[in-house]
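Asker: Per my numbering, the very first residue in the sequence shown carries number 265; after that it's consecutive.
Yeah, the Cβ is synthetic: ideal placement off N, Cα and C, and Gly gets one too.
Treat the numbers as computed from the prediction; the structure is a model and nothing was measured.
One structure is given below, represented as C-alpha cells, and several questions about it will come after.
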Amino acid sequence: MCHARCALRLRSATLLRNEIFDPTVPRQSLGTRTRPVSGSALSVLCYEKLRMTLLSPRLLLYLSLFLSCLFLSACPRPQEADVKTDLTKYMDEARLWAATESQINNAIIAVRRDQFVHDDFTVNTLRPIVGVTQEYVQRLEKYQPQAKPLQNVHQEYIEAWRAHHFAIAGIIDCVEKKDYIQLAKANTDLLEAQRSVSDALSDLANLLQKAGLRSETAAPGQPSLSPPQESPGFSVSPQGS
C-alpha cells in the first residue's frame, strides 16, 4: 500500500514536471510559481500579446508612413497653370517686345542689303545692336511663364535671341579684323539664329492652336504668326485670339 502510494506521487510529480518544462504548454506567471493557463486566461494572454505587437515601434512607424501616404494621395494636387490664360498674357507681353525686335531686324536687313561691302557701315550699324540684343535677352529672361509647355517655348525663344547677340558680335569682330572668311561663318551663325526664332514662333503657334486661341490659318487681314525668314520675331504683330 505504501509502495503504491509512493508510485502515484512519483507519477504525479513527473507529470507536473513535464507540464512545467514543456514549451508547448501555455503558462502564466503567478509570483514565483508557473502553472498551466486556463482557457479564459489564455484568451487574455493572447489579447495582451497582440496588443503589444500592434504597439511595437516598428509597426507604429509603418502605420504612420502608410497613413501619411494615404493622406497625401487623398489631398487635391495643385492644378497646372492654365495654359490658355498664360498664353494670353504671354502674347500681350510679346507685343511689347516687337519694337526691340524690329530695331534688331532692321539693322540686320540693312547690312545684308549692303552685302557687308562697306566695313564702316556694317560696324556702325551693328555695334549699337550688340548692347540692344544683350539687354533684350535679359528682358526675356525676366519673364517667367507658369505653364510648362510655354516655359519650354519661351526658353527656346531666349536661346534664339542669345544666338543673335553672339552672331552679331562675331560679325563686328570679323569686319574689324578684315577676316572675311570668318565673317561668312558669323553670317551663317546669324542665319541659324534667325531660323531658331522662326522655329520657336512655330512652336508657339502650335500651342496657341491647341489652346483654341487661333485657327490653323490666319483670318483674312491678319498676318501669320510665323514671320518671313528675313526678319523673324514679334515685329509681325502676333495675334492672340
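With Q410 as the anchor, note down where its alpha helix (DSSP H) starts and where it stops.
Answerer: In the sequence shown, residue 410 corresponds to position 146, counting from 1. Looking at the DSSP string, Q410 is not in any alpha helix (DSSP H), and its letter there is neither H nor E.
Asker: Three-state secondary structure (DSSP) at L465?
Answerer: Indexing the sequence shown from 1 puts residue 465 at position 201. Note: L465 maps to helix in three-state DSSP.
Asker: Within a Cβ cutoff of 7 Å, which residues of the same chain sit near D383, ignoring the five residues on either side of it in sequence?
Answerer: On the sequence shown, position 119 is the one that residue 383 refers to. If we look at D383 and ignore the five residues flanking it on each side, its Cβ neighbours are V439.
Asker: Report, in whole angstroms, the separation of the C-beta atoms of Q410 and D453, which I expect to be a contact under 8 Å.
Answerer: Looking up residue 410 in the sequence shown gives position 146. Looking up residue 453 in the sequence shown gives position 189. Contact flag wrong, Cβ pair sits at about 33 Å.
Asker: The alpha helix (DSSP H) that contains L360, what's its start and end?
Answerer: On the sequence shown, position 96 is the one that residue 360 refers to. Where L360 is concerned, the enclosing alpha helix (DSSP H) stretches over 347 to 377.
Asker: Short check: CB of I436 to CB of R391, under 8 Å?
Answerer: Along the sequence shown, read from residue 1 onward, the residue named residue 436 stands at position 172. Along the sequence shown, read from residue 1 onward, the residue named residue 391 stands at position 127. Yes, these two residues count as a Cβ contact at 8 Å.
Asker: Using the Cβ count rule (16 or more neighbours within 10 Å means buried), how would you classify A374?
Answerer: Sequence index remark: in the sequence shown, residue 374 carries index 110 (1-based). Exposed, because fewer than 16 other Cβ atoms sit within 10 Å of the Cβ of A374.
Asker: Quick test of your reading: V461 and A431, contact by CB under 8 Å. State the CB separation rounded to the nearest angstrom.
Answerer: Position 197 of the sequence shown, counted from the first residue, corresponds to residue 461. Position 167 of the sequence shown, counted from the first residue, corresponds to residue 431. V461 to A431, Cβ: 12 Å. No contact.
Asker: Which residues in the same chain as Y421 place their Cβ atom closer than 6 Å to its Cβ, once the five residues preceding and following it in sequence are excluded?
Answerer: To locate residue 421, count along the sequence shown from 1; it is residue 157. Cβ neighbours of Y421 beyond the five flanking positions: A464.
Asker: Report the option in Q458, A457, Y407, F385 whose CA atom is closest to the CA atom of M355.
Answerer: The sequence position of residue 355 within the sequence shown is 91, counting from 1. Minimum Cα distance to M355 is reached at Y407.
Asker: Using only the alpha-carbon positions, how far apart do R459 and A469 sit?
Answerer: Counting from one through the sequence shown, the residue named residue 459 turns up at place 195. Counting from one through the sequence shown, the residue named residue 469 turns up at place 205. Each residue's alpha carbon lies about 15 Å from the other.
Asker: Rounded to the nearest angstrom, what separates R426 and V387 at their Cα positions?
Answerer: By one-based count along the sequence shown, residue 426 stands at place 162. By one-based count along the sequence shown, residue 387 stands at place 123. In a straight line, the C-alpha of R426 is about 19 Å away from that of V387.
Asker: Taking the C-alpha atoms as reference points, what is the distance between H429 and L414?
Answerer: Along the sequence shown, one-based indexing puts residue 429 at 165. Along the sequence shown, one-based indexing puts residue 414 at 150. So the alpha carbons of these two residues sit roughly 23 Å apart.
Asker: What is the C-beta distance between G434 and A450, in whole angstroms, given that I count them as a contact (C-beta under 8 Å)?
Answerer: Here residue 434 refers to the residue found at position 170 when the sequence shown is read from its first residue. Here residue 450 refers to the residue found at position 186 when the sequence shown is read from its first residue. At roughly 4 Å, the Cβ-Cβ gap stays under 8 Å, so G434 and A450 are in contact.
Asker: Check V532 in the structure and name its three-state DSSP category.
Answerer: The chain is shown from 265 up to 505; residue 532 falls before or after that span and cannot be answered.
Asker: Going by the CB atoms, is the gap between L360 and V417 shorter than 8 Å?
Answerer: By one-based count along the sequence shown, residue 417 stands at place 153. By one-based count along the sequence shown, residue 360 stands at place 96. No. Outside cutoff.
Asker: Do you know how far the Cα of K353 is from the Cα of Y400?
Answerer: The residue labelled residue 400 in the question sits at position 136 within the sequence shown. The residue labelled residue 353 in the question sits at position 89 within the sequence shown. Answer to the nearest angstrom: the Cα atoms are 19 Å apart.
Asker: Could you tell me the distance, in whole angstroms, from the CA atom of F380 to the CA atom of K412?
Answerer: Locating residue 380 in the sequence shown gives position 116, counting from the first residue. Locating residue 412 in the sequence shown gives position 148, counting from the first residue. Answer to the nearest angstrom: the Cα atoms are 41 Å apart.
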